[in-house]
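Asker: Below you will find the structure I want to go over with you.
Numbering (our numbering), first residue to last: 197 to 337.
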């Protein structure tokens with residue numbers, strides 16, 4: 197049961213970010229608007245769609261693959277990207293007079309915490325499984 201909870205904690209943010217990625221791929225003007233962004237023109241649009249799609253696809257895949265295969269390296273990758281985004285939003289507000297994006301920062305921090313909890317639970321549950329397998333092997337000997 198504990199392992200299920202751990203995996204759920206990382207798959208939920210993955211599904212959230214996958215839905216955002218889907219919007220960037222299928223309706224980028226709406227996706228930009230949903231993030232309170234202007235839908236850019238020309239090369240700016242190419243960069244906007246490419247970078248935001250890549251961001252959300254990568255984070256969602258790292259979460260989902262990490263959860264399904266209990267691979268914490270993928271989960272750490274998602275945490276690094278999300279935490280970096282939150283830090284850069286704060287820096288852009290402090291250094292470059294950008295509007296404070298509290299909601300987005302909150303989503304990124306809460307998602308990172310959920311994924312970190314998932315990592316802890318998956319590691320703990322893996323250790324318990326390894327220990328119980330060792331006990332079974334000793335009993336069979």
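Each residue gets a CB set at the ideal place from its N, CA and C atoms; glycine is no exception.
In this text the structure is predicted, and so the values were computed from the model without any measurement.
1) How many angstroms separate the CA atom of residue 242 from the CA atom of residue 324?
2) Where do the ends of the alpha helix (DSSP H) carrying residue 284 lie?
3) For residue 202, which residues of its own chain have a beta-carbon under 7 Å away from its beta-carbon, when the five flanking residues on both sides are left out?
4) Near residue 294, which residues of its chain fall below 6 Å by C-beta distance, leaving aside the five closest residues on each side in sequence?
5) Using the C-alpha atoms, what's the distance from residue 200 back to residue 245?
6) Tell me whether residue 196 sits in a helix, a strand or coil according to DSSP, three-state version.
7) Residue 229: buried (16+ other C-beta within 10 angstroms of its C-beta) or exposed?
8) Counting pairs of Cβ atoms below 8 Å between the segment 270-285 and the segment 215-233, do you hit three or more?
9) Using a Cβ distance threshold of 8 Å, determine whether the segment 231-240 contacts the segment 249-261, with at least three qualifying pairs required.
10) Hey, quick one: how far does the alpha helix (DSSP H) through residue 297 stretch, first residue to last?
11) Assign residue 232 to one of three DSSP states: helix, strand, or coil.
12) Does DSSP classify residue 197 as helix, strand or coil?
13) Can you list, in chain order, the residues of its chain whose CB lies under 7 Å from that of residue 212, leaving out five sequence neighbours each side?
Answerer: Reading it off the structure:
1) Here the question's residue 242 lines up with position 46 in the chain shown. Here the question's residue 324 lines up with position 128 in the chain shown. The alpha-carbon atoms of residue 242 and residue 324 are separated by roughly 48 Å.
2) Against the chain shown, residue 284 aligns to sequence position 88. That run of the alpha helix (DSSP H) goes 268-292.
3) Stepping through the chain shown from its first residue, residue 202 is reached at position 6. Once the five neighbours on either side are set aside, the close Cβ partners of residue 202 are 314, 317, 318, 321.
4) Position 98 of the chain shown, counted from the first residue, corresponds to residue 294. Excluding residues within five positions, the ones whose Cβ falls inside 6 Å are 288.
5) Reading the chain shown from its first residue, position 49 is the one you call residue 245. Reading the chain shown from its first residue, position 4 is the one you call residue 200. In a straight line, the C-alpha of residue 245 is about 34 Å away from that of residue 200.
6) Residue 196 cannot be examined here, being either before or after the span of the chain that is shown, 197 to 337.
7) As a working note, residue 229 is residue 33 in the chain shown. Exposed, since its Cβ has fewer than 16 Cβ neighbours within 10 Å.
8) no
9) no
10) Walking along the chain shown from the start, residue 297 turns up at place 101. No alpha helix (DSSP H) contains residue 297, which DSSP labels as neither H nor E.
11) Here residue 232 corresponds to residue number 36 of the chain shown, with the count starting at 1. Looking at residue 232 - three-state DSSP - the assignment turns out to be coil, as it is neither helix nor strand.
12) The sequence position of residue 197 within the chain shown is 1, counting from 1. It is coil, neither helix nor strand.
13) The sequence position of residue 212 within the chain shown is 16, counting from 1. There are no such residues.
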